[in-house]
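Below: one structure, written as structure tokens.
The structure is reproduced here in structure tokens:
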């Protein structure tokens, strides 16, 4: 049947970016892990913290400038100047959210709740919190703990670490 | 694991260990498949999920996503993971006699 290789039993996924496209891959990987019965930890650091800051998590957006792979809805590459037009980022964000919804990918808050309910753990990085002057009260209620890097490695022990 | 004997009948499976022929499925076979997955007894809540999945499969041709399942079946995420520990989507599909779900969500 399946291969003889040892199965992955635990993943710890680091989310370091705060754009919608920076956050989703980590959430999809964590949820997918739980669906397969794999233990999952999410560790939000640097700008990735925005995904678990209660007041910001519903407002994550797409960056239309400096993204070489950005394309227009009909497949043509988006010229750099077009990305700078006011409203373009909002439009791209709206488009991606619409496409995600079609694929049944939930909005960030609902997705995190889903991961949490499935037994996944959600952590915030202490150093990044200090840097951005954030307190535990600023975070989404589902966040389990604020961790130092050392504590993160303890939680990740024996598993695979993914950086996104 | 192509052929296995269940309740005195030779049943064919695909390479993922899911039932090959949907029509061979019945509730008795589901109970046996559940035991293989470590679920000793299928409760009403299990059946709610299994029947919903089969319904969706017949309609759409794929097992539903967990999000859709929890929204429409009345079984929430926490309970779903309790009912089918270690991989609800795949396990429930297996017991329901459906192929491995194709989606990522």
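Chains as they are written, first to last, in our numbering: chain D, 537 to 700; chain P, 5 to 109. No residue lacks a Cβ here, since even glycine has one placed at the ideal position from N, Cα and C. Since we're looking at a predicted model, the values are computed, not measured.
Is the beta carbon of residue i sitting closer than 9 angstroms to the one on residue j?
i                     : j                     : result
residue 604 (chain D) : residue 651 (chain D) : no
residue 49 (chain P)  : residue 79 (chain P)  : yes
residue 660 (chain D) : residue 580 (chain D) : yes
residue 632 (chain D) : residue 586 (chain D) : no
residue 46 (chain P)  : residue 38 (chain P)  : yes
residue 594 (chain D) : residue 644 (chain D) : yes
residue 43 (chain P)  : residue 101 (chain P) : no
residue 589 (chain D) : residue 666 (chain D) : no
residue 76 (chain P)  : residue 89 (chain P)  : no
residue 91 (chain P)  : residue 624 (chain D) : no
residue 53 (chain P)  : residue 84 (chain P)  : yes
residue 676 (chain D) : residue 648 (chain D) : yes
Could you work out which residues of chain P lie near residue i, taking near to mean beta carbons separated by less than 9 angstroms?
i                     : result
residue 586 (chain D) : In chain order: nothing, as chain P lies at least about 22 angstroms away.
residue 568 (chain D) : 108 and 109
residue 721 (chain D) : Since the first residue shown for chain D is 537 and the last is 700, residue 721 (chain D) is missing from the structure and cannot be characterised.
residue 593 (chain D) : Near residue 593 (chain D) there are no residues of chain P at all, since even the closest Cβ is about 18 angstroms away, more than 9 angstroms.
Assuming residue i contacts residue j under a Cβ cut-off of 8 angstroms, what Cβ separation, rounded to an integer in Å, is found between them?
i                     : j                     : result
residue 105 (chain P) : residue 94 (chain P)  : 7 angstroms
residue 552 (chain D) : residue 598 (chain D) : Actually they do not touch by this definition, with Cβ atoms about 17 angstroms apart.
residue 549 (chain D) : residue 108 (chain P) : Wrong, their Cβ atoms sit about 15 angstroms apart, outside the cutoff.
residue 10 (chain P)  : residue 31 (chain P)  : About 13 angstroms; that fails the 8 angstroms criterion.
residue 656 (chain D) : residue 566 (chain D) : 5 angstroms
residue 682 (chain D) : residue 672 (chain D) : 6 angstroms
residue 640 (chain D) : residue 72 (chain P)  : 6 angstroms
Show which residues of chain D have a CB atom less than 7 angstroms away from the CB atom of residue i.
i                    : result
residue 69 (chain P) : 640
Can you pull the chain D neighbours of residue i, defined as C-beta to C-beta under 8 angstroms?
i                    : result
residue 91 (chain P) : 571, 572 and 573
residue 63 (chain P) : By Cβ distance, chain D contributes nothing, its closest Cβ being about 15 angstroms from residue 63 (chain P), past 8 angstroms.
Return the bridge partner residues of residue i from the DSSP annotation.
i                     : result
residue 577 (chain D) : D:548 and D:657
residue 4 (chain P)   : Residue 4 (chain P) lies beyond the range of chain P shown here (5 to 109); nothing can be said about it.
residue 662 (chain D) : Looking at the DSSP assignment, residue 662 (chain D) forms no beta bridge with any residue, so it has no partner.
residue 682 (chain D) : D:660
residue 613 (chain D) : D:607
residue 696 (chain D) : D:547
residue 23 (chain P)  : P:17
residue 589 (chain D) : D:675
Can you pull the chain P residues whose beta carbon is under 7 angstroms from the beta carbon of residue i, in chain order?
i                     : result
residue 654 (chain D) : 81 and 85
residue 667 (chain D) : The premise fails here: residue 667 (chain D) is roughly 33 angstroms from chain P at the closest Cβ pair, so nothing lies under 7 angstroms.
residue 614 (chain D) : Per Cβ cutoff of 7 angstroms: no residues; residue 614 (chain D) is ~26 angstroms from chain P at best.
Can you name the residues of chain D whose CB is closer than 9 angstroms to the CB of residue i?
i                    : result
residue 72 (chain P) : 640
residue 94 (chain P) : 571, 572 and 573
Listing by chain order, which chain P residues have their CB less than 8 angstroms from the CB of residue i?
i                     : result
residue 606 (chain D) : Residues of chain P passing the Cβ test: none, with the nearest at roughly 23 angstroms.
residue 564 (chain D) : 108 and 109
residue 632 (chain D) : Near residue 632 (chain D) there are no residues of chain P at all, since even the closest Cβ is about 15 angstroms away, more than 8 angstroms.
The segment 685-695 of chain D / the segment 607-618 of chain D touching (three or more Cβ pairs under 8 angstroms)
no
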